[in-house]
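Structure first, then comments.
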Amino acid sequence: MNPAVRTETDKDTGVAVVTLDRPERLNAIDLAMRDELVAVWRELRFDDTVRAVVLTGAGERAFCTGLDREAVVPQPSSPYMTDDPLLRVGPKANDLWKPVVAAVRGMACGGAFYLLGEADFLVADPSATFFDPHTTYGMVSAYESMLMALRMPYAEAARMALMGSAERMSARRAHEIGFVSDVTEPGGALAGAVDCAVVIAGYPPEGVQGTVRALWAAKEATLAHAFAQAPHLIALGNLPGERQTELFRARRRDHRVR
Numbered sequence: 096m097n098p099a100v101r102t103e104t105d106k107d108t109g110v111a112v113v114t115l116d117r118p119e120r121l122n123a124i125d126l127a128m129r130d131e132l133v134a135v136w137r138e139l140r141f142d143d144t145v146r147a148v149v150l151t152g153a154g155e156r157a158f159c160t161g162l163d164r165e166a167v168v169p170q171p172s173s174p175y176m177t178d179d180p181l182l183r184v185g186p187k188a189n190d191l192w193k194p195v196v197a198a199v200r201g202m203a204c205g206g207a208f209y210l211l212g213e214a215d216f217l218v219a220d221p222s223a224t225f226f227d228p229h230t231t232y233g234m235v236s237a238y239e240s241m242l243m244a245l246r247m248p249y250a251e252a253a254r255m256a257l258m259g260s261a262e263r264m265s266a267r268r269a270h271e272i273g274f275v276s277d278v279t280e281p282g283g284a285l286a287g288a289v290d291c292a293v294v295i296a297g298y299p300p301e302g303v304q305g306t307v308r309a310l311w312a313a314k315e316a317t318l319a320h321a322f323a324q325a326p327h328l329i330a331l332g333n334l335p336g337e338r339q340t341e342l343f344r345a346r347r348r349d350h351r352v353r
């Protein structure tokens with residue numbers, strides 16, 4: 096079986112490009128891909144030749160569309176124990192404090208925000224769009240919204256979460272509100288992100304990694320407090336799985352981009 100995550104390392108520049116490689120599934124994350132990502136982040140912690148990382152998605156249609164709806168996620172029977180399959184999918188959740196720049200092309204939605212929320216900054220192709228479909232399908236947007244509320248103005252995070260699949264935030268709008276740091280020429284997001292990573296990788300890594308850790312510390316306590324509430328909110332607010340599936344199958348394809 097081909098890996099769902101590709102890693103290419105340039106030893107000369109010190110930059111590793113990590114690519115979500117399931118374009119036929121819009122780079123949606125199944126449990127095997129989740130495990131591969133966890134393994135990649137943990138391997139990069141020990142690779143001193145890598146001093147900066149670029150995260151991107153294969154294909155033109157999507158960076159990532161979150162959790163694959165065909166993924167079967169076993170859950171304990173106890174209401175006090177809920178396993179979120181994507182909670183540990185990001186670099187910082189795996190104690191990687193090397194800088195991560197995300198290069199986004201096409202759709203980034205739902206569970207993609209677990210990854211984007213732990214990237215240090217985002218470079219976007221003009222085709223990039225961002226949206227959170229949870230509410231459309233009778234689901235609570237908890238972890239995703241909490242991460243986005245720390246990355247963009249509250250009203251923008253709230254609008255994205257509450258409008259669901261009816262509206263998508265364009266790369267232009269994401270740049271206007273500071274969620275995206277740069278919008279490149281068409282097809283240029285990956286090269287733009289790599290250019291930034293090469294510059295960062297050229298600096299002494301101790302200072303760079305300390306800065307990444309300091310920046311994350313500024314919001315870490317708030318995030319930890321919010322995450323503690325998420326399982327209860329999800330348990331209370333989510334529709335039963337079969338009803339979610341009905342809504343998903345009946346979904347409307349029209350949406351607007353702002």
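The opening position of the sequence shown corresponds to residue 96 in my numbering, with each subsequent residue numbered one higher.
Note that beta-carbon positions come from the ideal geometry of N, C-alpha and C, so glycine has one too.
- Bridge partners of Ala203 according to DSSP: Cys159, Phe225.
- Counting the other CB atoms within 10 Å of its CB gives Asp125 a total of 16 or more, which places it among the buried residues.
- Distance from the CA atom of Val199 to the CA atom of Met241, rounded to whole angstroms, is 20 Å.
- The beta carbons of Ala214 and Ala269 sit about 13 Å from each other, so the pair does not count as a contact at 8 Å.
- Of the residues Arg156, Ala166, Leu181, Ala188, the one whose Cα lies closest to the Cα of Trp136 is Ala188.
- Taken through DSSP and simplified to helix, strand or coil, Ala127 comes out as helix.
- For Leu115, the secondary structure class from DSSP, reduced to helix, strand or coil, is strand.
- DSSP places Asp290 outside any beta strand (DSSP E); the residue lies instead in the alpha helix (DSSP H), whose first and last residues are 284-296.
- For Phe216, the three-state secondary structure derived from DSSP is strand.
- Contact between Arg156 and Phe343 is ruled out by a C-beta separation of about 18 Å, above the 8 Å threshold.
- Judged by DSSP secondary structure, Glu165 falls outside any beta strand (DSSP E); it is assigned neither H nor E.
- By the criterion of a C-beta distance shorter than 6 Å, Ala256 is surrounded in its chain by Asp227, Ser236, Ser240, once the five residues flanking it on both sides are discounted.
- Ranking Glu341, Arg347, Ala345, Ala330 by CA distance to the CA of Ser172 puts Ala330 first.
- For Gly152, the enclosing beta strand (DSSP E) starts and ends at 147-152.
- Judged by DSSP in its simplified three-state form, Thr104 adopts strand.
- Gly185 sits buried, since 16 or more C-beta atoms from the chains shown fall within 10 Å of its C-beta.
- The Cβ atoms of Ala223 and Ala266 lie closer than 8 Å to each other.
- About 6 Å separates the Cβ atoms of Leu217 and Ser276, confirming a contact at the 8 Å cut-off.
- Non-local beta-carbon contacts of Thr177 in its own chain, meaning distances under 6 Å to residues more than five positions away in sequence, involve Pro326 in chain order.
- Counting of Cβ neighbours within 10 angstroms places Pro248 among the exposed residues, the total staying below 16.
- Residue range 262-265 is occupied by the beta strand (DSSP E) that includes Met264.
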